[in-house]
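Numbering (this note's numbering), first residue to last: 11 to 211. Backbone N, C-alpha and C define an ideal beta-carbon position, used for all residues, glycine too. Keep in mind that this is a model prediction, so the values were computed, not measured. For reference, the structure discussed in these notes is given below.
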Amino acid sequence: MTPETDRPGLFGDASIPLQVAIVLPVATLLVLLGLLLFPVNLGMIPFSPDGQLGLLMVIMAIQMLALGETPVGQYRRSLLLIVVGIAFAAAGIFSCIVPGILTGMVQALLGLLNIVGGTVLLTRRFLPVVRAHRHPPAEPVALPPALKKLLMTQTVLNLVSIAFGITMFLPALVPGVAIAGILVLNGLLLFALAGILMTIR
11 MTPETDRPGL FGDASIPLQV AIVLPVATLL VLLGLLLFPV NLGMIPFSPD
61 GQLGLLMVIM AIQMLALGET PVGQYRRSLL LIVVGIAFAA AGIFSCIVPG
111 ILTGMVQALL GLLNIVGGTV LLTRRFLPVV RAHRHPPAEP VALPPALKKL
161 LMTQTVLNLV SIAFGITMFL PALVPGVAIA GILVLNGLLL FALAGILMTI
211 R
């Protein structure tokens, strides 16, 4: 009998790493959410901010529990990280089911995590570059094109993440259309990141 992984077509093994498989629904959510916010801002369809924030929290929790990925980097899936992931999931689920109670807390938490996470990741990425410029190697090392694309995409993602975090603290000052555009851009960048990761793999 043919093994499950050897089946061709739709029923065969997709050979997609777990990290990429989790990035894809997050990217789909952000693009769809951003696109839906355009008619929301025009008053054409109803909208639940608690559902949006709660869903983002749940997805963040899934990334923690499955991969050990947090807004400030990837860590070992320790007991502490599992507990934090469960707490995030619980807060997100509660926000989706019972709107209006945790809205301010979840919004502030998402804003803080996006700003701090984006800043920390940018610092980790560029601090070694600054040190390398101060003490250049004897022979320059050329980065492969795929790795250059990865670094560029991650950098833009971190900047977009910081921008999204700022909008969480200034919802009344930032136009809804701008928030929608940030979400769509974030989702498209995640799709690009998934494609680059598959190429490198």
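Between residue 32 and residue 72, how many whole angstroms is the CB-CB distance? I'm expecting something under 8 Å. The residue you call residue 32 lines up with position 22 of the sequence shown. The residue you call residue 72 lines up with position 62 of the sequence shown. Right, their Cβ atoms sit about 7 Å apart.
List the endpoints of the continuous alpha helix (DSSP H) containing residue 174. As a first step, residue 174 must be located in the sequence shown, where it is residue number 164. Where residue 174 is concerned, the enclosing alpha helix (DSSP H) stretches over 155-179.
Can you find the residues in the same chain that come closer than 6 Å, C-beta to C-beta, to residue 131, ignoring five residues on each side of it along the sequence? Position 121 of the sequence shown, counting from 1, holds the residue named residue 131. In chain order, 168 place their CB closer than 6 Å to the CB of residue 131, counting only its own chain and leaving out the 5 sequence neighbours on each side.
Helix, strand or coil: how does DSSP classify residue 78 here? Numbered from its first residue, the sequence shown carries residue 78 at position 68. Residue 78 falls in the coil class under three-state DSSP.
Residue 157 to residue 210, Cα distance in whole Å? In the sequence shown, residue 157 corresponds to position 147, counting from 1. In the sequence shown, residue 210 corresponds to position 200, counting from 1. C-alpha separation (whole angstroms): 8 Å.
Whose CA, out of 190, 201, 181, lies closest to the CA of residue 164? In the sequence shown, counting from the first residue as 1, residue 164 sits at position 154. Out of 190, 201, 181, 201 has the C-alpha closest to the C-alpha of residue 164.
Give a yes or no on contact between the segment 86-96 and the segment 55-64, applying the rule of three or more CB pairs nearer than 8 Å. In the pairwise beta carbon analysis, the segment 86-96 is classified as not touching the segment 55-64: fewer than three pairs are separated by under 8 Å.
Return the chain-ordered list of same chain residues with a C-beta closer than 6 Å to the C-beta of residue 179, the five sequence neighbours on each side being excluded. As a position in the sequence shown, residue 179 is number 169, starting the count at 1. Around residue 179: 121.
For residue 83, which three-state DSSP category applies? Locating residue 83 in the sequence shown gives position 73, counting from the first residue. Strand.
Status (buried if at least 16 other CB within 10 Å, exposed otherwise) for residue 12: Within the sequence shown, residue 12 is the residue found at index 2, counting from 1. Reliability fails at residue 12, whose pLDDT of 47 lies under 50, so the model's placement of it is uncertain and the value that follows must be treated cautiously. With fewer than 16 other Cβ atoms within 10 Å, it is exposed.
Which of helix, strand or coil DSSP assigns to residue 56: What you label residue 56 is simply residue 46 of the sequence shown in a count that begins at 1. Three-state result, residue 56: coil.
Do residue 128 and residue 172 have their beta-carbon atoms positioned less than 7 Å apart in this structure? The count along the sequence shown starts at 1 and reaches residue 172 at position 162. The count along the sequence shown starts at 1 and reaches residue 128 at position 118. Yes.
Residue from 196, 190, 29 with nearest C-alpha to residue 48: Within the sequence shown, numbered from 1, the residue matching residue 48 stands at position 38. If we check each option's Cα against that of residue 48, 190 comes out closest.
Beta carbon of residue 68 nearer than 7 Å to that of residue 102: The residue you call residue 68 lines up with position 58 of the sequence shown. The residue you call residue 102 lines up with position 92 of the sequence shown. The answer is yes: Cβ separation under 7 Å.
Residue 81 classed as buried or exposed, judged by whether at least 16 other C-beta atoms fall within 10 angstroms: On the sequence shown, position 71 is the one that residue 81 refers to. Buried: at least 16 other Cβ atoms inside 10 Å.
May I have the straight-line CA-CA distance separating residue 125 from residue 118, to the nearest angstrom? Reading the sequence shown from its first residue, position 115 is the one you call residue 125. Reading the sequence shown from its first residue, position 108 is the one you call residue 118. It is roughly 11 Å from the alpha-carbon of residue 125 to the alpha-carbon of residue 118.
Taking residue 191 as part of the alpha helix (DSSP H), name the residues at either end of that continuous run. Along the sequence shown, one-based indexing puts residue 191 at 181. Residues 186-210.
Are residue 166 and residue 177 touching if we call contact CB-CB under 7 Å? Translated into positions along the sequence shown, residue 166 becomes position 156. Translated into positions along the sequence shown, residue 177 becomes position 167. It is not a contact, given that the beta carbons lie outside the stated cut-off.
Rounded C-alpha distance that separates residue 193 from residue 154: Within the sequence shown, residue 193 is the residue found at index 183, counting from 1. Within the sequence shown, residue 154 is the residue found at index 144, counting from 1. Distance from the CA atom of residue 193 to the CA atom of residue 154, rounded to whole angstroms, is 29 Å.
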